[in-house]
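Trainee:
2 protein chains.
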Amino acid sequence: MPATIRDVAKASGVHVSTVSRTFSSPHLVNQETRNRVLAVAENLGYRPNRAARALITGRTHNIGLIVADIANPFFPPLIKAAESQARDRDYHVFVADTNEDSVTEEKLVQALAKQVDGVLLCSPRMSNDLIERVGRDVPVVVVNRLVESIPAVVMDVAQGARTAIEHLAGLGHSDLALLGGPRGSWTNREIRRSVIATARAVGVNLTVLGPNQPTEIAGAAAVDAICRSNATGILAYNDLMAIGVLEGLHNRGIRVPEEISVVGVDDIALSRLVRPKLTTVATPTAAAGRTAVDMLLAQRGEDRRTTAQVTLHTELVVRDSTGPGPRATGVPASGTARGQVASYAKE
Amino acid sequence: MPATIRDVAKASGVHVSTVSRTFSSPHLVNQETRNRVLAVAENLGYRPNRAARALITGRTHNIGLIVADIANPFFPPLIKAAESQARDRDYHVFVADTNEDSVTEEKLVQALAKQVDGVLLCSPRMSNDLIERVGRDVPVVVVNRLVESIPAVVMDVAQGARTAIEHLAGLGHSDLALLGGPRGSWTNREIRRSVIATARAVGVNLTVLGPNQPTEIAGAAAVDAICRSNATGILAYNDLMAIGVLEGLHNRGIRVPEEISVVGVDDIALSRLVRPKLTTVATPTAAAGRTAVDMLLAQRGEDRRTTAQVTLHTELVVRDSTGPGPRATGVPASGTARGQVASYAKE
DNA sequence: TACGGAACTGCAAAGGTTTGCAGTGAACTA
DNA sequence: TAGTTCACTGCAAACCTTTGCAGTTCCGTA
Numbered sequence: 005m006p007a008t009i010r011d012v013a014k015a016s017g018v019h020v021s022t023v024s025r026t027f028s029s030p031h032l033v034n035q036e037t038r039n040r041v042l043a044v045a046e047n048l049g050y051r052p053n054r055a056a057r058a059l060i061t062g063r064t065h066n067i068g069l070i071v072a073d074i075a076n077p078f079f080p081p082l083i084k085a086a087e088s089q090a091r092d093r094d095y096h097v098f099v100a101d102t103n104e105d106s107v108t109e110e111k112l113v114q115a116l117a118k119q120v121d122g123v124l125l126c127s128p129r130m131s132n133d134l135i136e137r138v139g140r141d142v143p144v145v146v147v148n149r150l151v152e153s154i155p156a157v158v159m160d161v162a163q164g165a166r167t168a169i170e171h172l173a174g175l176g177h178s179d180l181a182l183l184g185g186p187r188g189s190w191t192n193r194e195i196r197r198s199v200i201a202t203a204r205a206v207g208v209n210l211t212v213l214g215p216n217q218p219t220e221i222a223g224a225a226a227v228d229a230i231c232r233s234n235a236t237g238i239l240a241y242n243d244l245m246a247i248g249v250l251e252g253l254h255n256r257g258i259r260v261p262e263e264i265s266v267v268g269v270d271d272i273a274l275s276r277l278v279r280p281k282l283t284t285v286a287t288p289t290a291a292a293g294r295t296a297v298d299m300l301l302a303q304r305g306e307d308r309r310t311t312a313q314v315t316l317h318t319e320l321v322v323r324d325s326t327g328p329g330p331r332a333t334g335v336p337a338s339g340t341a342r343g344q345v346a347s348y349a350k351e
Numbered sequence: 005m006p007a008t009i010r011d012v013a014k015a016s017g018v019h020v021s022t023v024s025r026t027f028s029s030p031h032l033v034n035q036e037t038r039n040r041v042l043a044v045a046e047n048l049g050y051r052p053n054r055a056a057r058a059l060i061t062g063r064t065h066n067i068g069l070i071v072a073d074i075a076n077p078f079f080p081p082l083i084k085a086a087e088s089q090a091r092d093r094d095y096h097v098f099v100a101d102t103n104e105d106s107v108t109e110e111k112l113v114q115a116l117a118k119q120v121d122g123v124l125l126c127s128p129r130m131s132n133d134l135i136e137r138v139g140r141d142v143p144v145v146v147v148n149r150l151v152e153s154i155p156a157v158v159m160d161v162a163q164g165a166r167t168a169i170e171h172l173a174g175l176g177h178s179d180l181a182l183l184g185g186p187r188g189s190w191t192n193r194e195i196r197r198s199v200i201a202t203a204r205a206v207g208v209n210l211t212v213l214g215p216n217q218p219t220e221i222a223g224a225a226a227v228d229a230i231c232r233s234n235a236t237g238i239l240a241y242n243d244l245m246a247i248g249v250l251e252g253l254h255n256r257g258i259r260v261p262e263e264i265s266v267v268g269v270d271d272i273a274l275s276r277l278v279r280p281k282l283t284t285v286a287t288p289t290a291a292a293g294r295t296a297v298d299m300l301l302a303q304r305g306e307d308r309r310t311t312a313q314v315t316l317h318t319e320l321v322v323r324d325s326t327g328p329g330p331r332a333t334g335v336p337a338s339g340t341a342r343g344q345v346a347s348y349a350k351e
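Printed below as a string of structure tokens:
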């Protein structure tokens with residue numbers, strides 16, 4: 005029913021190959037002919053059949069975008085940016101959700117691999133081995149993780165976490181807690197590493213909690229442990245958890261930032277909408293999406309294995325959930341020795 | 005490079021057609037043969053080439069999902085549910101974002117139409133005409149809108165809005181305001197219609213404001229007008245706007261719900277996280293996504309034009325942003341006559 | 001005038017799969 | 001025993017496009 009290249013050829017009195025060239029290599033066909041063909045095509049509502057094109061060229065002009073959870077507010081801005089960038093380059097995007105499950109993720113990527121020109125793995129939970137194996141079948145770019153020999157775009161959360169800790173210490177907090185994220189998360193490891201090092205360097209006590217699910221529920225549930233730790237400054241793995249902490253503290257009648265300061269990571273839209281507005285380490289999610297798409301599409305040429313690994317800068321955004329600590333207000337700090345890591349949840 | 009059906013045929017000593025049947029109509033091939041073929045295929049890592057399959061069957065096993073704004077928190081749960089449902093039925097989903105722009109939307113749907121088996125239009129901004137035209141080229145299901153002769157799934161926001169107004173009136177609010185959404189939105193029209201009728205029926209004054217962008221910014225910006233209206237009960241087009249109103253009122257030192265009650269629509273995840281927690285009309289977004297996919301896939305058969313239009317129930321979720329109105333607390337109501345619609349922004 | 005080249009265009013094979021039709025042998029029926 | 005049916009498999013055309021190669025025309029140059 006829909007018009008094919010043959011219909012256009014017949015109606016405009018040229019061979020199909022000329023029609024084909026009109027669309028895929030316009031410079032090879034006479035201007036006059038081209039115009040005639042285009043007019044006829046327009047008239048017939050002809051659109052090149054991407055399946056047929058893919059069959060012979062081997063390129064589908066589709067990419068796959070795999071995320072852990074579409075409904076996690078961290079991802080939509082990334083998806084949006086990636087899709088927009090891809091469309092600008094005449095690519096369509098399959099979006100798929102793994103439900104934070106590594107097995108689903110694996111199946112998904114296998115199913116998708118053969119019918120796309122590349123796959124974007126965002127915060128993958130699969131093993132490095134598996135990712136590398138997939139990378140041999142199809143161009144892959146991972147986001148928020150570093151895997152040897154695979155192109156990646158990551159956020160400099162280590163630097164962001166350091167700035168956050170320094171911010172809290174600078175406000176006079178000498179007892180801090182890190183609310184860890186999910187096991188298997190590269191970002192979580194980075195943050196923890198950086199936070200422990202920074203806490204030592206600036207001489208504050210640190211309690212490390214976790215691993216936890218990266219959700220608001222888990223954040224609220226962690227408030228008990230936070231209170232036991234005597235910490236007055238909290239850095240959470242992400243904003244969702246930080247908001248959960250805010251919630252939990254509020255229910256307990258503990259005021260933020262007067263009694264406890266809270267910092268998140270990501271700067272999701274939500275963090276500006278809760279009360280108090282959340283101080284957080286902003287990660288450039290949209291830029292990550294765009295960059296990842298560009299890196300993926302750059303793998304086309306024969307120069308496959310570029311394996312660039314791009315790190316994007318983060319920035320501490322100070323809002324209303326952090327304030328002066330007990331030291332600054334004259335309340336004595338807790339008794340533990342300076343610079344001590346009180347507990348360390350091994351991953 | 006990747007294994008084809010021919011490789012599998014050769015390696016297992018059967019004709020390609022047998023291999024083909026092994027995958028697409030297993031019941032037609034002998035169990036023994038089938039097992040052998042499957043083993044060989046597994047071994048060679050063979051996956052049917054969807055492009056080739058699409059070329060001959062005319063069915064891509066892909067669907068397109070077009071939304072106004074991926075980053076609008078209303079959509080991700082819908083996308084997630086739709087994608088999951090589609091994948092269960094062996095379909096992949098292209099997700100695309102129109103940036104709330106009807107021209108982009110039109111181009112997008114045209115580009116996608118030829119390479120998918122169906123298109124899901126979520127909260128479309130295009131004209132009815134155009135949607136109907138697209139519906140002739142490719143199976144279409146619209147969400148959150150009714151278009152003649154096009155299958156649709158909508159939420160019963162009229163009923164939800166009515167319940168919300170009754171809730172406010174029941175709390176003793178006699179001066180209400182409706183904060184309208186974007187022009188071109190079917191949902192907005194429904195809500196307005198229902199709110200005006202209900203306000204008349206229960207005998208409260210109503211100020212209608214709008215149209216507005218469906219954003220938190222617009223909600224905050226509308227607070228001036230809300231205050232001028234003397235309304236003590238507000239229904240916003242969606243939660244995002246309602247949260248903006250909360251924000252704006254807070255900045256002005258007006259307490260919610262003590263002085264003004266606010267109700268939203270949608271029950272996005274966020275509405276449970278702001279303070280006060282938002283009273284809102286919950287719409288079954290995930291169910292809408294699943295239903296829409298099923299309706300789309302049901303259009304396969306020759307029984308094309310089913311044109312079912314499904315309405316999903318909504319429910320008022322009472323949280324902390326609504327409380328007793330001035331009448332209940334002894335403060336006299338404003339002077340305007342009961343049941344009067346003070347202003348009506350024509351769309 | 002003859003020749004080389006440029007600018008176009010046509011020809012036909014190829015890409016991986018599905019599917020109607022026909023063929024084969026075996027089991028069943030009369 | 002002969003004919004019929006059944007279960008399975010092979011054959012080959014078809015789906016729509018791209019692209020290397022070859023052909024044609026025309027222009028410029030020697």
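Read top to bottom, the protein sequences are chains A and B. By the working numbering, the letter at position 252 of the first sequence is numbered 256, and the numbering carries on one by one without gaps. By the working numbering, the letter at position 69 of the second sequence is numbered 73, and the numbering carries on one by one without gaps. Cβ coordinates follow ideal geometry from the N, Cα and C atoms, glycine included. Small disclaimer: the values here were computed from a predicted structure and weren't measured.
Is it a yes or a no for the segment 123 to 133 of chain A touching the segment 276 to 284 of chain A, going by three-plus beta-carbon pairs under 8 Å?
Mentor: No: fewer than three Cβ pairs fall under 8 Å.
Trainee: How long is the line joining the alpha carbons of residue 141(B) and residue 294(A), rounded to whole angstroms?
Mentor: Between residue 141(B) and residue 294(A), the C-alpha separation is close to 32 Å.
Trainee: Taking the alpha carbon of residue 301(A) as the point to measure from, which residue in 118(A), 93(A), 328(A) has its own alpha carbon closest?
Mentor: When each option's Cα is compared against that of residue 301(A), the closest is 93(A).
Trainee: Would residue 335(B) count as contacting chain A if we go by Cβ distances under 8 Å?
Mentor: Confidence in residue 335(B) is poor, its pLDDT being 44 and thus under 50, which makes the residue's placement unreliable; the coordinate value appears in the next sentence. No, its Cβ sits nowhere closer than 8 Å to a Cβ of chain A.
Trainee: Consult DSSP for residue 119(A) and reduce its assignment to one of helix, strand or coil.
Mentor: Note: residue 119(A) maps to coil in three-state DSSP.
Trainee: Give the list of continuous beta strand (DSSP E) stretches no shorter than 3 residues that lie fully inside the segment 199 to 283 of chain B.
Mentor: Listed in chain order, they are 209 to 213, 237 to 240, 265 to 270.
Trainee: Which same chain residues, not among the five before or five after residue 237(A), have their C-beta less than 6 Å away from its C-beta?
Mentor: Excluding positions up to five away in sequence, the list reads 172, 177, 180, 265.
Trainee: Kindly list the residues whose CB is nearer than 6 Å to the CB of residue 159(B), restricted to its own chain and excluding five residues on each side of it in sequence; keep chain order.
Mentor: Closer than 6 Å at Cβ, skipping near neighbours: 287, 316, 318.
Trainee: Based on Cα-Cα distance, which residue from 210(B), 168(B), 249(B), 275(B) lies nearest to residue 220(A)?
Mentor: Comparing Cα positions, the closest option is 275(B).
Trainee: Looking at the structure shown, is residue 306(B) part of a helix, part of a strand, or coil, going by DSSP?
Mentor: Residue confidence for residue 306(B) is low, a pLDDT of 48 falling below 50, so the modelled location carries little weight; the figure read from the coordinates is stated next. Coil.
Trainee: Quick one: what's got a C-beta closer than 7 Å to residue 5(B)'s C-beta in the same chain, skipping five residues either side?
Mentor: So the list is empty, once near-sequence residues are dropped.
Trainee: Cβ atoms of residue 57(B) and residue 121(B): under 8 Å apart, would you say?
Mentor: No.
Trainee: With a threshold of 8 Å between beta carbons, is residue 14(B) in contact with chain A?
Mentor: Not closer than 8 Å to any Cβ of chain A, the Cβ of residue 14(B) fails to qualify, so no.
Trainee: Over what stretch of residues does the alpha helix (DSSP H) that includes residue 33(B) continue unbroken?
Mentor: Note, residue 33(B): premise wrong, no alpha helix (DSSP H); not H, not E.
Trainee: Let's test the definition: count the other Cβ atoms within 10 Å of the Cβ of residue 352(A) and tell me whether it reaches 16, buried, or not, exposed.
Mentor: Residue 352(A) lies beyond the residue range present for chain A, which begins at 5 and ends at 351; the question has no answer from this structure.
Trainee: Using Cβ-Cβ distances below 8 Å, what residues of the segment 250 to 261 of chain B are close to chain A?
Mentor: So the close ones are 251, 254.
Trainee: Considering only the alpha carbon of each residue, which of 255(B), 119(B), 111(B) lies closest to residue 280(A)?
Mentor: Out of 255(B), 119(B), 111(B), 255(B) has the C-alpha closest to the C-alpha of residue 280(A).
Trainee: For residue 45(B), which residues from the same chain have a beta carbon less than 7 Å from its beta carbon, with the 5 sequence-adjacent residues on both sides left out?
Mentor: Correct list, in chain order: 12.
Trainee: Where in the segment 124 to 179 of chain A do unbroken runs of the alpha helix (DSSP H), each at least 4 residues long, occur, reported from the N-terminal end onward?
Mentor: 132 to 141, 161 to 174, all fully within the segment 124 to 179 of chain A.
Trainee: Counting only the same chain and skipping the five closest in sequence on each side, list residues whose C-beta sits under 8 Å from that of residue 192(A).
Mentor: Cβ within range, chain order: 184, 185, 186, 214, 215, 241, 351.
Trainee: List, in chain order, every chain A residue whose beta-carbon is nearer than 9 Å to that of residue 101(B).
Mentor: By Cβ distance, chain A contributes 83, 84, 87, 88, 91.
Trainee: Can you tell me which of 324(B), 147(B), 15(B), 97(B) puts its alpha carbon nearest to the alpha carbon of residue 115(A)?
Mentor: That would be 97(B), whose Cα lies nearest to the Cα of residue 115(A).
Trainee: Since residue 249(B) and residue 224(B) should fall inside the 8 Å C-beta cutoff, what is the C-beta to C-beta distance between them, to a whole number of angstroms?
Mentor: Their Cβ separation, rounded to whole angstroms, is 7 Å, which keeps residue 249(B) and residue 224(B) in contact under 8 Å.
Trainee: Would you please verify whether the beta carbon of residue 220(A) is less than 8 Å from any beta carbon of chain B?
Mentor: So yes, residue 220(A) belongs to the interface.
Trainee: Spatial neighbours of residue 195(A) within its chain, please: C-beta separation below 6 Å, excluding the five flanking residues on both sides.
Mentor: Once the five neighbours on either side are set aside, the close Cβ partners of residue 195(A) are 161, 165.
Trainee: Could you name the residues of chain A that residue 385(B) contacts, counting a contact when the two beta carbons are closer than 7 Å?
Mentor: Residue 385(B) lies beyond the range of chain B shown here (5 to 351); nothing can be said about it.
Trainee: Tell me, please, whether the CB atom of residue 295(A) is closer than 8 Å to any CB atom in chain B?
Mentor: No, no contact with chain B.
Trainee: Compute the Euclidean distance between the alpha carbons of residue 175(B) and residue 168(B), then round it to the nearest angstrom.
Mentor: Spanning the two alpha carbons is a distance of roughly 11 Å.
Trainee: Look at residue 303(A) and residue 156(A) and say whether their C-beta atoms are less than 8 Å apart.
Mentor: No. Outside cutoff.
Trainee: Who pairs with residue 317(A) in a beta bridge, going by DSSP?
Mentor: None, per the DSSP bridge assignment.
Trainee: Run down chain B in chain order and give the residues with a C-beta less than 7 Å from the C-beta of residue 56(A).
Mentor: Neighbours of residue 56(A) on chain B, chain order: 59.
Trainee: Using a beta-carbon distance below 8 Å, is residue 77(B) in contact with chain A?
Mentor: True, the Cβ-Cβ gap to chain A drops below 8 Å.
Trainee: Cutting at 7 Å between CB atoms, please list the residues of its own chain near residue 188(A), excluding the five before and the five after it.
Mentor: Correct list, in chain order: 129.
Trainee: For residue 243(A) and residue 43(A), what's the separation of their Cα atoms in angstroms?
Mentor: Rounded to the nearest angstrom, the two C-alpha atoms are 54 Å apart.
Trainee: Am I right that residue 99(A) and residue 59(A) are in contact with their C-beta atoms under 8 Å? What's the rounded C-beta distance?
Mentor: With a Cβ gap of about 24 Å, residue 99(A) and residue 59(A) do not count as contacting.
Trainee: Mind checking which residues open and close the alpha helix (DSSP H) that includes residue 322(A)?
Mentor: Counting along the chain, residue 322(A) falls outside any alpha helix (DSSP H), and DSSP gives it neither H nor E.
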